[in-house]
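Student:
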Amino acid sequence: MEKRSKSLKKSLSSAIVIIILLMLIPTLYSIAVFRFYTVRYDRIIMNVSSANSLRKIAKEELEGEIWEVVSGLKSFNDGRQYLLLREVRIGIAGMMDETSEASLEILEVASRTEKTLEKYVVLLGEQIVNHEPVSKNEEVMEQIRGVASVLNDVLQEYIVTEIESAESANIGIRRWSFNLFLIQLAISVIAFLIAMYAFSVLSRRIGRPVRDMEILSSRIASGDLEARAMPPRVEELDHLAENLNTMAGHIQALIDENVREQKNLQKAEMKALQAQITPHFLYNTLDTIVWLAEDNEMDEVVEITKAFSAFFRISLSRGHEWITLSQEMEHAASYLKIQGIRYRDILEYQIECDEGIADVPVLKLLLQPLVENAIYHGIKNKRGRGRLVVSAHKVSAFGKEDGGVRFCVEDNGIGFTEKRMHEVQNELALPDGGDLKASYGLYNVNKRLRLYYDGLVSLHIESLFGEGSAVSFVVPCKFEMLGEEGESV
-11 MEKRSKSLKK SLSSAIVIII LLMLIPTLYS IAVFRFYTVR YDRIIMNVSS ANSLRKIAKE
49 ELEGEIWEVV SGLKSFNDGR QYLLLREVRI GIAGMMDETS EASLEILEVA SRTEKTLEKY
109 VVLLGEQIVN HEPVSKNEEV MEQIRGVASV LNDVLQEYIV TEIESAESAN IGIRRWSFNL
169 FLIQLAISVI AFLIAMYAFS VLSRRIGRPV RDMEILSSRI ASGDLEARAM PPRVEELDHL
229 AENLNTMAGH IQALIDENVR EQKNLQKAEM KALQAQITPH FLYNTLDTIV WLAEDNEMDE
289 VVEITKAFSA FFRISLSRGH EWITLSQEME HAASYLKIQG IRYRDILEYQ IECDEGIADV
349 PVLKLLLQPL VENAIYHGIK NKRGRGRLVV SAHKVSAFGK EDGGVRFCVE DNGIGFTEKR
409 MHEVQNELAL PDGGDLKASY GLYNVNKRLR LYYDGLVSLH IESLFGEGSA VSFVVPCKFE
469 MLGEEGESV
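Here is the structure:
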């Protein structure tokens, strides 16, 4: 069963999420504990403050109010004794709702003491209403003082208890701080271990595939195009490995295609050269020289012999593929001179060439096959005298003014029928030229043009049946092409 590719992004994201969650634990713990102890401290401080206020009311304010009543400075009904008692009662009740279990019992004692204190105040009021002797009122006042003193002591005990509770909370905070330190230490260790594990896993899952692909690239660079990388089973690297394998396959295919192109090119070159030196052409030319000599036309013998020599000298060109434009035009002119002497009754020709382009480098053996095709398939199949024009003119091409040279072989021969034109166009498009019928010369020239000029140049044919044809092509004036020795031409 094929393993599924794992995503580095997902693995890394999982590790980061786990570490983040671990780091959140002490934060959340700190928030919870801080909230708990903050509330507890606030409650203690509030209760201590309330108890201290109630002590002051019971010990000072209430006793002062009772003294003023007993001494006759204030009537009982005008006194604030009941308001003060009510304030103490409400204060104790409020503290009971917010106090701890240990302090609750003390507040219950304080509540009962407050009720006793209220009874004595009520008793004092009744005595005053009944006009009891002052001595009795003073006795009740002493009782009130004693009970108020007891309430003061109880509240003081409550304050001490709450302060002890605060100390307990302080101890809890110190314990919590130590626990938090231990938790953070443990989480840091765990997070470090997770990070190291994630690093180890990612390093292992990345390192090995990267090394494999590095080895693959080195093998490809050294020429081993059969090398392939195994799928790393890592989602982010699978496409890279696949692309490297595809690239190696494409390079091999391109090399194979280049080899085939080179073979086709060599075949085209050989056919082009063979077309120049066919036995039929040799025999006919030599026969022409013989009968010219027999007729004692020595000037023409010399002329045709020179043309014949120049023709083969340029055809061979010491094995070079590129010659100057003037040499290519001379080659076509030599061929026409030979054929002009042979077919003097039916052929006249003209060579046209612009100035300033004689040294333009061009591929050799391009014009002669076109001239031969024009003579044998155009002019010879038409009655009357034929005319042929070979021209080379500067034209605007390849994105530049005067950036190209247009070569054209034009004749007034029989021309192409529509059917024949269609056949020729189809044959020119064939990849290997194996099924050619009668356009060998045109095919070889077109094939060599496309191969040597990187597909930028091809033949263009214009023809009208019964009136003639024009075969042309445009080459760049400057073209970076490696010659036989690796030099740019």
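Residue numbers in the sequence shown follow my numbering, run continuously in steps of one, and reach 477 at the last position.
We treat Cβ as the ideally placed atom computed from N, Cα and C, and that holds for glycine.
1. Leaving out five residues before and five after Arg28 in sequence, what residues of the same chain have Cβ atoms less than 6 Å from its Cβ?
2. Going by DSSP, what residue range makes up the beta strand (DSSP E) through Ile339?
3. Can you tell me the Cβ-Cβ gap for Ile45 and Glu75, rounded? I've got them flagged as a contact below 8 Å.
4. Using a 10 Å radius around the Cβ and a threshold of 16 neighbouring Cβ atoms, would you call Ala380 buried or exposed?
5. Give me, in chain order, the residues of the same chain whose beta-carbon lies closer than 7 Å to that of Gly392; leave out the 5 immediate sequence neighbours on both sides.
6. Which runs of the alpha helix (DSSP H), 4 residues or longer, sit entirely within the region 276 to 356?
7. My assumption, with CB atoms under 8 Å, is that Thr312 sits in contact with Val278. Please give the rounded CB distance.
8. For Gly471, which residues in the same chain have their Cβ closer than 8 Å to its Cβ, ignoring the five residues on either side in sequence?
9. Can you give the Cα-Cα distance for Leu173 and Phe22, rounded to whole angstroms?
10. Measure the alpha-carbon distance for Arg408 versus Ala209 and round it to whole angstroms.
11. Give me the DSSP bridge partner(s) of Ser451.
12. Anyone know if the C-beta pair for Arg373 and Glu336 falls short of 9 Å?
13. Note down, in chain order, each residue of its chain lying with its Cβ closer than 7 Å to the Cβ of Leu92, except the 5 sequence neighbours on either side.
14. How would you write the range of the beta strand (DSSP E) that Val76 sits in, first residue to last?
15. Can you name the residues that DSSP bridges to Glu398?
16. Quick test of the definition: if touching needs 3 or more C-beta pairs under 8 Å, does the region 95 to 109 touch the region 160 to 179?
17. Here's a check: name, in chain order, each residue in its chain whose Cβ is nearer than 7 Å to the Cβ of Glu473, leaving out the five neighbours to either side.
18. How far does the alpha helix (DSSP H) with Tyr109 in it extend, from its first residue to its last?
19. Would Ala321 pass as a contact of Ile345 if the rule is Cβ separation under 9 Å?
20. Leaving aside the five residues before and after Leu111 along the sequence, list all residues of the same chain whose C-beta is less than 7 Å from its C-beta, in chain order.
21. From the DSSP output, in three-state form, read off Glu389 for me.
22. Find the nearest neighbour of Leu376 within the set Ala236, Gly82, Gln144 and Ser457, judged by alpha-carbon distance.
23. Three or more C-beta pairs under 8 Å: does that hold for the region 314 to 328 against the region 277 to 296?
24. Around the C-beta of Thr149, are 16 or more other C-beta atoms found within 10 angstroms, so that it is buried, or is it exposed?
25. When burial is assigned at 16 or more other CB atoms within 10 Å of the CB, is Ala238 buried or exposed?
26. As a quick exercise: from Tyr331, Leu71 and Leu95, pick the residue whose alpha carbon is nearest that of Gly82.
27. Considering only their Cβ atoms, is the gap separating Val36 from Ile132 smaller than 9 Å?
28. Taking only the alpha-carbon atoms, compute the straight-line gap between Ser460 and Val397 and give it to the nearest angstrom.
29. Grouping DSSP H, G and I as helix and E and B as strand, with all else coil, what is Pro121?
30. Nearest to Met201 by CA position, among Leu232, Gly134, Tyr185 and Gln413, is which residue?
31. When burial is assigned at 16 or more other CB atoms within 10 Å of the CB, is Leu354 buried or exposed?
32. Under DSSP, the alpha helix (DSSP H) around Lys407 begins and ends at which residues?
33. Under the rule that 16 or more other beta-carbon atoms within 10 Å means buried, what is Ser176, buried or exposed?
34. Identify, in the order they occur along the chain, each residue of the same chain with its Cβ nearer than 7 Å to the Cβ of Ala20, setting aside the five sequence neighbours on each side.
35. In its own chain, which residues sit with a C-beta less than 6 Å from the C-beta of Ile449, not counting the 5 before and 5 after it?
36. Since Lys382 sits in a beta bridge, which residues does DSSP pair it with?
Tutor: Judging by the given coordinates:
1. Hits under 6 Å: Ala157.
2. Leu335 to Cys341
3. 6 Å
4. Buried, because 16 or more other Cβ atoms sit within 10 Å of the Cβ of Ala380.
5. Val383, Ala385, Phe386, Val462, Val463, Pro464 and Cys465
6. 286 to 304 and 313 to 330
7. Contact between Thr312 and Val278 fails: their C-beta atoms lie close to 34 Å from each other, not under 8 Å.
8. Because the pLDDT of Gly471 is 45, which lies under 50, any placement of that residue in the model is unreliable, and the question is left without a value.
9. The straight-line gap from Cα to Cα measures roughly 19 Å.
10. 49 Å
11. Ser457
12. Against a cut-off of 9 Å, the Cβ pair of Glu336 and Arg373 comes out as a contact.
13. Met84
14. Per DSSP, Val76 belongs to no beta strand (DSSP E); it is in the alpha helix (DSSP H), Gln69 to Asp85.
15. Answer is Val377 and Ala458.
16. no
17. With a pLDDT of only 39 at Glu473, under the threshold of 50, the placement of this residue in the model should not be trusted; the figure read from the coordinates follows. If we look at Glu473 and ignore the five residues flanking it on each side, it has no Cβ neighbours.
18. Note that residue 109 corresponds to Val in the displayed sequence, not to Tyr. First-last of the alpha helix (DSSP H) with Val109: Glu89 to Val117.
19. no
20. Val128
21. strand
22. The shortest C-alpha to C-alpha distance from Leu376 to any of Ala236, Gly82, Gln144 and Ser457 is the one to Ser457.
23. yes
24. buried
25. The residue asked about is misnamed: residue 238 is His in this sequence, not Ala. That one is exposed.
26. Leu95
27. No, these two residues do not count as a Cβ contact at 9 Å.
28. Rounded to whole angstroms, Ser460 to Val397 spans 6 Å at the Cα level.
29. coil
30. Leu232
31. buried
32. Glu406 to Leu416
33. exposed
34. So no residue of the chain qualifies.
35. Val459
36. Val393
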